[in-house]
Amino acid sequence: MSQVKKKRLFVLSLDGMPFSFAKQAADSGLMPHLARLLVECDFRQMDSVLPPVSSSAWASFLTGMTPAQHGVMGFVHRDPATMDWFVPRGDALKGETLLKKLSDQGKTVFSMNVPMTCPPTPVNGVVIAGFLADDLNHATYPGPIGTLLKARGYRIDVDTELAKKDLTAFVRELHDVLDKRVETMWHFWAQQNWDFFMVHIMETDRLYHFFWELFQQKHPLYVSLFEEFHRKIDRLIGEIATRVEQDTALLILSDHGFTTLKEEVNVNHWLYRQGLLRFNRMPPQSLKDLHPDTKAYALYPGRIFINLQGRERTGSVAPGTPYEELRAYLRRALPEIKNGTGQSVIKQVLNIEELVAQNEDTSRLHQFRPHATLPDLLAIPNEGFDLKGRLWDEKLFDKTVFNGTHTFHDAFVAAKNLHLPDRRFAINDLFGLIVNFFGSSGF
5 MSQVKKKRLF
15 VLSLDGMPFS
25 FAKQAADSGL
35 MPHLARLLVE
45 CDFRQMDSVL
55 PPVSSSAWAS
65 FLTGMTPAQH
75 GVMGFVHRDP
85 ATMDWFVPRG
95 DALKGETLLK
105 KLSDQGKTVF
115 SMNVPMTCPP
125 TPVNGVVIAG
135 FLADDLNHAT
145 YPGPIGTLLK
155 ARGYRIDVDT
165 ELAKKDLTAF
175 VRELHDVLDK
185 RVETMWHFWA
195 QQNWDFFMVH
205 IMETDRLYHF
215 FWELFQQKHP
225 LYVSLFEEFH
235 RKIDRLIGEI
245 ATRVEQDTAL
255 LILSDHGFTT
265 LKEEVNVNHW
275 LYRQGLLRFN
285 RMPPQSLKDL
295 HPDTKAYALY
305 PGRIFINLQG
315 RERTGSVAPG
325 TPYEELRAYL
335 RRALPEIKNG
345 TGQSVIKQVL
355 NIEELVAQNE
365 DTSRLHQFRP
375 HATLPDLLAI
385 PNEGFDLKGR
395 LWDEKLFDKT
405 VFNGTHTFHD
415 AFVAAKNLHL
425 PDRRFAINDL
435 FGLIVNFFGS
445 SGF
């Protein structure tokens, strides 16, 4: 009797690459290896999550939950009891991760640079943490791998501050970091026949934030830099298609789309002008400078927190009717904000309860009630606007060095030897798809 060949899955994630751009790059000849591979793939547009930021989206990929359920809705959270800011980590997620679940099922797993995997969970394999990890000494499992990575010149991320000074030097650094990542990827790929092997490329997102509008406008100084970087990504895709066995399942995906940034919107400026936000000193340095009369404040991206009595350190809004009336007012008023050309900035404002209920598996909602780190409301911008969380800014609207911003509807997934859902789906739906591929049961 012939032995059944074990299932294997190779995942390449390209942070922020839009479906529309991937299709354009394949069709135009910019990315010919991608074009050839897509002939063999089920290539689909996919939704991100709300809010469509990388930490939230990849946490949803890892858990199968929406951000309101796993608890990560931004890069920075606040402790309502102390009003201290903190960076949410993977160990704060309200659910078992894909890496842990597959590992517990006896699968060998390798994960490199995936956001929200720090601190790395002990697995049957290797984890090299990604975005929001800041030190290789604490970003790997097993721990000694960090020493190997340092010796190889591996870096978790690029220095985005460089882009504010010299875009050409910034792109050189993107190439350097990507080269080391790919070199290290193949080093580990050769170590054993992994069941699940995932590598995340954050450099695409980094490029788009500073180059998206320049590329769209065909800027004579920068369009070639943008295209050359994608040719390198395309060569990586071609190498993967060549090296990975034909019967191995392949998944290439992004977590959100991108579009030209029209303006940044300082939500706290608007709250201040409405008399809902006050400070003990100007300019404020932290949330601890909120005046006790404050009614509401915002964190990125578009998260609105009511200064609720019994939850916030100096809560001023009583639970019940006063709380609900303020939320109702904000839901009406925020979408009325318009920029200097009369464009509406905010598409809609949702209560947190609506976001919790988005996941189809409502049988588990009792486990994931809104908790203190979640906002009371989420403002969803119209395309091209970025709702910032600066505590204070003298302007409501701003345009900085950033010229690209995220979109919800234009992520993508390309699957080979892996069946995608027959309906429209979001990135968190891939969790169940992968679990089912390996024959494991869901939660």
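Under my numbering, the first residue of the sequence shown is numbered 5, with each subsequent residue one higher.
Note that CB positions come from ideal geometry on N, CA and C, so glycine has one too.
Going by other Cβ atoms of all chains shown within 10 Å of its Cβ, with 16 needed for buried, is residue i buried or exposed?
| i | result |
| --- | --- |
| Arg277 | exposed |
| Glu329 | exposed |
| Thr86 | exposed |
| Gln371 | In this prediction, Gln371 scores a pLDDT of 42, lower than 50, which makes its location untrustworthy; the coordinate-derived value is nonetheless stated afterwards. By the 10 Å Cβ count, Gln371 comes out exposed. |
| Met286 | exposed |
| Thr404 | exposed |
| Asn117 | buried |
| Trp190 | exposed |
| Ala332 | exposed |
| Asn141 | exposed |
| Thr121 | buried |
| Arg156 | exposed |
| Thr246 | exposed |
Note down the Cα distance separating residue i from residue j, rounded to an integer number of angstroms.
| i | j | result |
| --- | --- | --- |
| Asn311 | Leu338 | 17 Å |
| Arg12 | Gly408 | 35 Å |
| Glu316 | Phe90 | 16 Å |
| Lys98 | His74 | 4 Å |
| Ser59 | Thr144 | 18 Å |
| Glu340 | Met77 | 24 Å |
| Lys298 | Leu334 | Rather than Lys, the amino acid found at residue 298 in this sequence is Thr. Whole-angstrom Cα-Cα distance: 14 Å. |
| Pro123 | Gly344 | 44 Å |
| Met50 | His295 | 42 Å |
| Leu369 | Arg185 | A caution first: Leu369 carries a pLDDT of 40, below 50, which makes its placement in the model unreliable, though a value can still be read off. Approximately 38 Å between the Cα atoms of the pair. |
| Asp95 | Pro224 | 45 Å |
| Asp365 | Ala376 | Because the pLDDT at Asp365 is just 47, under 50, the model does not fix this residue reliably, and the point stays unresolved. |
| Asp414 | Lys27 | 11 Å |
| Phe65 | Ala430 | 9 Å |
| Pro126 | Trp193 | 19 Å |
| Phe215 | Ile160 | 21 Å |
| Phe441 | Glu398 | 52 Å |
| Ser228 | Asn128 | 42 Å |
| Gly279 | Gly134 | 40 Å |
| Asp139 | Val162 | 13 Å |
| Gln456 | Trp198 | Shown here, the chain extends from 5 to 447; a query on residue 456 therefore has no answer. |
| Leu211 | Ala418 | 22 Å |
| Phe416 | Thr325 | 42 Å |
| Val439 | Phe79 | 27 Å |
| Leu42 | Leu182 | 23 Å |
| Arg82 | Arg307 | 11 Å |
Could you give the DSSP three-state label for residue i: helix, strand or coil?
| i | result |
| --- | --- |
| Lys351 | strand |
| Arg176 | helix |
| Gly129 | strand |
| Asn272 | helix |
| Asp426 | coil |
| Ile205 | strand |
| Asp380 | coil |
| Ile241 | helix |
| Gly261 | strand |
| Ser115 | strand |
| Ala419 | strand |
| Ala72 | helix |
| Arg93 | coil |
| Ala2 | Examination of residue 2 is not possible in this model, given that the chain is present from 5 through 447 alone. |
| Phe47 | strand |
| Tyr226 | coil |
| Ala253 | strand |
Less than 6 Å between C-beta atoms, sequence neighbours within five positions excluded: which residues of the same chain meet that for residue i?
| i | result |
| --- | --- |
| Gln352 | Ile384 |
| Val130 | Phe114 |
| Val271 | Ala302 and Leu391 |
| Leu18 | Ile205, Thr208 and Ser258 |
| Phe47 | Ala418 |
Which same chain residues, not among the five before or five after residue i, have their C-beta less than 7 Å away from its C-beta?
| i | result |
| --- | --- |
| Leu275 | Leu281, Ala300, Tyr301 and Ala302 |
| Thr151 | none |
For residue i, which residues from the same chain have a beta carbon less than 8 Å from its beta carbon, with the 5 sequence-adjacent residues on both sides left out?
| i | result |
| --- | --- |
| Thr411 | Pro22, Ser52, Pro56, His260, Gly261, Phe262, Thr263 and Glu387 |
| Lys9 | Asp251 |
| Leu166 | Ala173, Phe174 and Glu177 |
| Arg373 | Because the pLDDT at Arg373 is just 44, under 50, the model does not fix this residue reliably, and the point stays unresolved. |
| Met35 | Ala26, Ala29, His234, Arg235, Ile237, Asp238 and Ile241 |
| Phe401 | Glu267, Glu268, Val269, Asn270, Asn343 and Gly344 |
| Asp433 | Gly68 and Pro425 |
Determine the extent of the beta strand (DSSP E) in which residue i is found, giving its start and end residues.
| i | result |
| --- | --- |
| Trp89 | Asp88 to Phe90 |
| Arg307 | Arg307 to Ile310 |
| Thr409 | Gly408 to Thr411 |
| Ala302 | Ala300 to Leu303 |
Could you check where the alpha helix (DSSP H) with residue i kicks off and where it finishes?
| i | result |
| --- | --- |
| Arg156 | Arg156 -> no alpha helix (DSSP H), and no H or E assigned at all. |
| Arg335 | Thr325 to Ala337 |
| Lys27 | Phe23 to Ser32 |
So, is the C-beta of residue i closer than 7 Å to a C-beta in chain D?
| i | result |
| --- | --- |
| Arg239 | The structure shown contains no chain D, having only a single protein chain. |
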